[in-house]
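*Asks:* Quick note on the numbering used here: the sequence shown kicks off at 8 and runs consecutively.
Structure incoming, see below.
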Amino acid sequence: MLESALDAMAHRCRDGMSCFHDEHVLVGHGLLDTGCNGFALDDDGYVVAFDGRLDNGDQLRASLRDAGGLHAPPFDHLSDTRLLLAAYRTLGDALAEHLLGDFSIAIWDPVKQQLYLARDQIGVKPLFYRIVDDALLFASEIKGLLAMRPDLPTERREAAMAAFVQGEFPDADRDRTFFADIYRLLPGHYAIATRGTFTTHCYWRLDADAPVPRDDVGGEFRKLFLEAIRRRLRGNSAVGSLLSGGLDSSSIVSAMASSRADTDPPVQAFSLIFSDPDVEDERDFIAAVVDQYAIGHATVDCSGVSGLAHADAILGEQDQPPAGPNGGIFRYFLKQIAADFSGRVILHGHGGDEVISHGGGLFGELAASGQWRKLWRELQAVRHVTGAPWPHFRRLVWRRGIRRSVGKMLDYPASFLMRGAAVQRDPLTTAPDGRDRPIEQAAHLKKLSSPIFAHALEVIDIEAACAGVELRMPFLDLDVVRFCITVEAQEKWQDGRPRSVLRNAMDGVLPEKVRLRTDKHDFATHLRQSLLRFDRDVIDEAILKRPDLILPYCNLAELRADWSDLRMTGELDGLALMRLWRAVMLSRWLAMENPPEDAPYLEEAA
């Protein structure tokens with residue numbers, strides 16, 4: 008069973024496999040060696056399998072010394088993996104609370120006869136599990152679970168498939184997958200398994216204090232951001248970085264390049280471009296960074312990669328339909344990079360939008376607080392994007408200002424009567440001190456807590472593992488996240504520009520052409536054109552020739568109308584385009600188990 012699981016995840020085992028067995032437990036580990044992860048067994052039979060990176064090893068060593076940890080040789084010489092094992096023996100089930108980094112951990116405790124599983128706070132590293140009869144199966148990918156028991160049928164969740172086509176990821180299903188009996192261990196959780204019991208526990212959640220005024224938001228963020236990058240440079244090989252030309256990846260590359268010593272090797276950056284003249288890319292913004300700093304730079308032309316390119320291979324790698332349509336392009340991009348880059352680690356700007364926040368909640372806060380003159384000025388500053396300010400001003404003043412004030416007055420008697428009652432606090436809308444969160448902070452927390460945000464991280468991890476690299480994301484550093492969600496709205500949006508925290512922090516580091524840009528590349532144009540150019544037969548197969556596969560989960564007439572509009576006009580609004588793409592991906596996923604007699608498009612997956 009264990010060897011079958013590791014064989015199924017061979018892309019994660021490029022540098023070897025480790026296996027341990029005892030009377031009631033099997034623990035395996037596949038190594039993609041980055042110098043930070045691994046497998047360890049101590050003399051007393053404690054075992055750890057560790058995927059990820061530990062960022063606070065020095066602090067953990069110091070705290071273990073102070074606690075008088077006696078279960079390990081001198082802590083200074085322990086690898087991250089062995090340090091985790093020693094820390095567990097001292098801290099027990101509270102281990103995860105003391106860790107900082109990206110991690111998925113399994114520890115076997117022979118004394119307590121229990122298995123300890125833990126996942127990092129943000130959810131960068133995935134961990135799935137399945138309970139079969141009296142056995143707990145766990146793995147970094149679903150395919151590992153399926154390979155352990157190929158004799159068991161897998162039941163797909165009808166509700167998950169219907170929600171997927173509509174782009175819905177319900178909060179109630181955040182620990183569920185597309186399979187009825189396969190679950191994910193949620194970010195910020197650990198689990199304990201013993202003979203006959205399995206329990207999960209939340210050790211961390213995103214529940215920040217209310218925003219506080221700060222004298223130098225940009226300076227504080229810059230310090231934290233540079234430290235987040237430094238933490239992600241650890242390892243035993245060269246570290247590269249993606250450079251899309253956007254604010255996030257450009258900030259990472261510019262910060263790395265500006266802080267490197269003369270004796271350090273140049274930063275190596277990789278950029279995705281489109282040579283197709285009908286599709287705009289970010290070359291001008293990429294060039295601004297490359298020209299300002301002496302960096303190594305390589306480009307990958309993805310013009311020939313369609314929105315459904317290698318769809319069956321992607322579904323085979325991901326085990327379930329991924330949320331976004333750029334997987335084909337990004338998969339091709341990563342594989343081309345990995346083929347030519349000697350390193351194993353690549354920095355990625357993913358999460359920057361969600362962690363920094365655009366700060367658009369400022370408009371609602373200004374309306375609610377009666378600062379209508381300032382609200383008008385801010386709306387005037389973005390009229391080139393949002394259009395005439397008056398309709399927005401009127402709507403905000405009415406909804407956030409007048410109507411909200413009246414509603415609070417009407418609710419006051421009820422809230423007075425409930426004051427003494429025990430009411431469960433919603434951490435997304437209410438701060439720990441009981442006050443309502445400001446509009447911007449509540450929106451910021453909601454975006455970071457969204458199930459689709461966590462799902463996207465699992466997709467990215469598997470994409471990278473299949474390409475043979477590890478992606479590390481400085482914006483998802485826990486200290487950076489904690490800081491950003493307590494920044495006031497007026498610091499996030501300034502002078503008509505969103506994401507001002509990052510812009511101010513990167514003043515003098517990021518080229519002005521990039522730092523002051525307010526637009527962002529939209530892959531929708533490429534997606535529409537590539538579907539028409541490369542994928543007509545695939546779409547016809549899904550919604551015209553084999554509609555029975557997806558009929559229970561979507562409005563087939565609506566899909567066919569959307570496809571007709573796209574073919575006739577070359578245009579389709581974003582929501583309809585995504586709905587069409589998701590329906591086709593679901594059809595292909597279902598067809599992998601129910602192929603027709605002639606299905607050449609399934610050959611690659613096979």
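From the three backbone atoms N, C-alpha and C, an ideal C-beta is built for every residue, glycine too.
Nothing here was measured: the structure is a model prediction, and the numbers come from that model.
Quick one, which of A590, P559 and A346 has its alpha-carbon nearest D569's?
*Replies:* By 1-based counting over the sequence shown, the position of residue 569 is 562. Of the candidates A590, P559 and A346, the one whose C-alpha sits nearest the C-alpha of D569 is A590.
*Asks:* If you draw a straight line from the C-alpha of N562 to the C-alpha of T437, how long is it?
*Replies:* The count along the sequence shown starts at 1 and reaches residue 562 at position 555. The count along the sequence shown starts at 1 and reaches residue 437 at position 430. Their backbone Cα atoms lie some 38 Å apart in a straight line.
*Asks:* Give me whichever residues DSSP pairs with L122 in a beta bridge.
*Replies:* The residue you call residue 122 lines up with position 115 of the sequence shown. L122 is bridged to W115 and A200.
*Asks:* Where does D526 fall in DSSP's three states?
*Replies:* Within the sequence shown, numbered from 1, the residue matching residue 526 stands at position 519. Correct three-state label for D526: coil.
*Asks:* In terms of residues, what are the limits of the beta strand (DSSP E) holding C491?
*Replies:* The sequence position of residue 491 within the sequence shown is 484, counting from 1. Premise fails: C491 lies in the alpha helix (DSSP H), L485 to C491, not in any beta strand (DSSP E).
*Asks:* Determine the closest residue to I138 out of G203, Q275, D269 and A15, with distance taken between C-alpha atoms.
*Replies:* Numbered from its first residue, the sequence shown carries residue 138 at position 131. The option with the nearest alpha carbon to I138 is G203.
*Asks:* Reducing DSSP to helix, strand and coil, say where T206 ends up.
*Replies:* Translated into positions along the sequence shown, residue 206 becomes position 199. Note: T206 maps to strand in three-state DSSP.
*Asks:* How would you label S243, buried or exposed, when you count the other beta carbons within 10 angstroms and need 16 or more for buried?
*Replies:* Working through the sequence shown from its first residue, we reach residue 243 at position 236. Residue identity differs from the one stated: residue 243 is Asn in this sequence, not Ser. Result: exposed.
*Asks:* Measure the beta-carbon distance from T201 to Q120 and round it to whole angstroms, keeping in mind my assumption that it falls under 8 Å.
*Replies:* On the sequence shown, position 194 is the one that residue 201 refers to. On the sequence shown, position 113 is the one that residue 120 refers to. Between Q120 and T201 the Cβ distance is about 6 Å, and since that is below 8 Å, they are a contact.
*Asks:* Following the continuous alpha helix (DSSP H) through L305, name the residue where it begins and the one where it ends.
*Replies:* Here the question's residue 305 lines up with position 298 in the sequence shown. In the sequence on display, residue 305 carries Ala and not Leu. Per DSSP, A305 belongs to no alpha helix (DSSP H); it is in the beta strand (DSSP E), G303 to D308.
*Asks:* Under a Cβ-count criterion, where at least 16 other Cβ atoms within 10 Å of its own Cβ denotes burial, should P273 be classed as buried or exposed?
*Replies:* By one-based count along the sequence shown, residue 273 stands at place 266. When all chains shown are included, P273 counts as exposed.
*Asks:* The beta strand (DSSP E) that contains D58, what's its start and end?
*Replies:* Walking along the sequence shown from the start, residue 58 turns up at place 51. D58 -> beta strand (DSSP E) spans V54 to L61.
*Asks:* Could you pull out every unbroken beta strand (DSSP E) segment of at least 3 residues lying fully inside the segment 347–392, listed in chain order?
*Replies:* Entirely contained in the segment 347–392, the beta strand (DSSP E) runs reaching 3 residues are, in chain order, 352–354.
*Asks:* Give the range of the beta strand (DSSP E) segment to which F228 is assigned.
*Replies:* Locating residue 228 in the sequence shown gives position 221, counting from the first residue. From DSSP, F228 is part of no beta strand (DSSP E) but of the alpha helix (DSSP H) over V224 to R238.
*Asks:* Can you tell me whether DSSP reads T88 as helix, strand or coil?
*Replies:* On the sequence shown, position 81 is the one that residue 88 refers to. Correct three-state label for T88: helix.
*Asks:* Suppose you measure from the CA of R595 to the CA of L102; what does that come to, to the nearest Å?
*Replies:* Your numbering for residue 595 matches position 588 in the sequence shown. Your numbering for residue 102 matches position 95 in the sequence shown. Approximately 42 Å, taken between the alpha carbons.
*Asks:* Would you kindly report the start and end of the unbroken alpha helix (DSSP H) that includes R137?
*Replies:* For this step, residue 137 is matched to residue 130 along the sequence shown. Segment F135 to V139 is the beta strand (DSSP E) holding R137; no alpha helix (DSSP H) there.
*Asks:* Is DSSP giving I280 helix, strand or coil here?
*Replies:* The sequence position of residue 280 within the sequence shown is 273, counting from 1. I280: strand per DSSP, three-state reduction.
*Asks:* Can you confirm whether the segment 93–102 touches the segment 141–151 when touching is taken to mean that 3 or more C-beta pairs between the two stretches lie within less than 8 Å?
*Replies:* With the cut-off at 8 Å, the segment 141–151 and the segment 93–102 do not touch.
*Asks:* Return the chain-ordered list of same chain residues with a C-beta closer than 6 Å to the C-beta of I336, the five sequence neighbours on each side being excluded.
*Replies:* Here the question's residue 336 lines up with position 329 in the sequence shown. Closer than 6 Å at the Cβ level, and outside the excluded window around I336, lie C309 and V312.
*Asks:* Give the straight-line distance between the Cα atoms of V286 and H31, rounded to the nearest whole angstrom.
*Replies:* Within the sequence shown, the letter at position 279 stands for residue 286. Within the sequence shown, the letter at position 24 stands for residue 31. Rounded to whole angstroms, V286 to H31 spans 57 Å at the Cα level.
*Asks:* For the structure I just gave you, are there three or more beta carbon pairs, one from the segment 232–240 and one from the segment 171–188, closer than 8 Å?
*Replies:* Because the criterion of three Cβ pairs below 8 Å is not met, the segment 232–240 and the segment 171–188 do not touch.
*Asks:* Would you verify that the beta carbon of G45 is, or is not, closer than 8 Å to some beta carbon of chain C?
*Replies:* This model lacks chain C altogether, as it is built from one protein chain only.
*Asks:* Figure out for me which residue from E465, V131 and V297 has the closest Cα to the Cα of A264.
*Replies:* To locate residue 264, count along the sequence shown from 1; it is residue 257. Nearest C-alpha to A264: V297.
*Asks:* Give the secondary structure of V34 by DSSP, where H, G and I count as helix, E and B as strand, and everything else as coil.
*Replies:* One-based indexing of the sequence shown puts residue 34 at position 27. Residue state, collapsed to three classes: strand.
*Asks:* Please determine, among H28, L38, L9 and D547, the residue with the shortest C-alpha to C-alpha distance to H18.
*Replies:* As a first step, residue 18 must be located in the sequence shown, where it is residue number 11. The candidate whose alpha carbon is nearest that of H18 is L38.
*Asks:* What residue does the alpha helix (DSSP H) around F541 start on, and which one ends it?
*Replies:* To locate residue 541, count along the sequence shown from 1; it is residue 534. Per DSSP, F541 belongs to the alpha helix (DSSP H) from A531 to F541.
*Asks:* Do three or more CB pairs link the segment 490–499 to the segment 359–366 at distances below 8 Å?
*Replies:* Judged by Cβ distances under 8 Å, the segment 490–499 makes contact with the segment 359–366, as three or more pairs qualify.
*Asks:* To which residues of the same chain is Q387 closer than 7 Å at the C-beta, ignoring the five residues directly before and after it?
*Replies:* Looking up residue 387 in the sequence shown gives position 380. Contacts found: P396.
*Asks:* What are the boundary residues of the alpha helix (DSSP H) that includes R290?
*Replies:* Working through the sequence shown from its first residue, we reach residue 290 at position 283. Residues R290 to Q299.
*Asks:* From this set, E600, I353, M575 and E565, which residue's C-alpha is nearest V260's C-alpha?
*Replies:* What you label residue 260 is simply residue 253 of the sequence shown in a count that begins at 1. For V260, the nearest C-alpha among the options comes from I353.
*Asks:* H451: which of G253, L435, L9 and L579 sits nearest, CA to CA?
*Replies:* Numbered from its first residue, the sequence shown carries residue 451 at position 444. Taking only the C-alpha atoms, the option nearest H451 is L435.
*Asks:* Once the 5 residues before and after V521 are set aside, which same chain residues still bring their CB inside 6 Å of it?
*Replies:* If you number the sequence shown from 1, residue 521 lands on position 514. These residues qualify, in order along the chain: S257, F292 and A295.
*Asks:* If you check the beta carbons only, do A346 and H304 fall under 8 Å apart?
*Replies:* Looking up residue 346 in the sequence shown gives position 339. Looking up residue 304 in the sequence shown gives position 297. Not closer than 8 Å, so no.
*Asks:* Measure the alpha-carbon distance for P481 versus R553 and round it to whole angstroms.
*Replies:* Counted from its first residue, the sequence shown places residue 481 at position 474. Counted from its first residue, the sequence shown places residue 553 at position 546. Going from the Cα of P481 to the Cα of R553 covers about 44 Å.
*Asks:* Using three-state DSSP, classify Q501 as helix, strand or coil.
*Replies:* The residue labelled residue 501 in the question sits at position 494 within the sequence shown. It is a strand residue.
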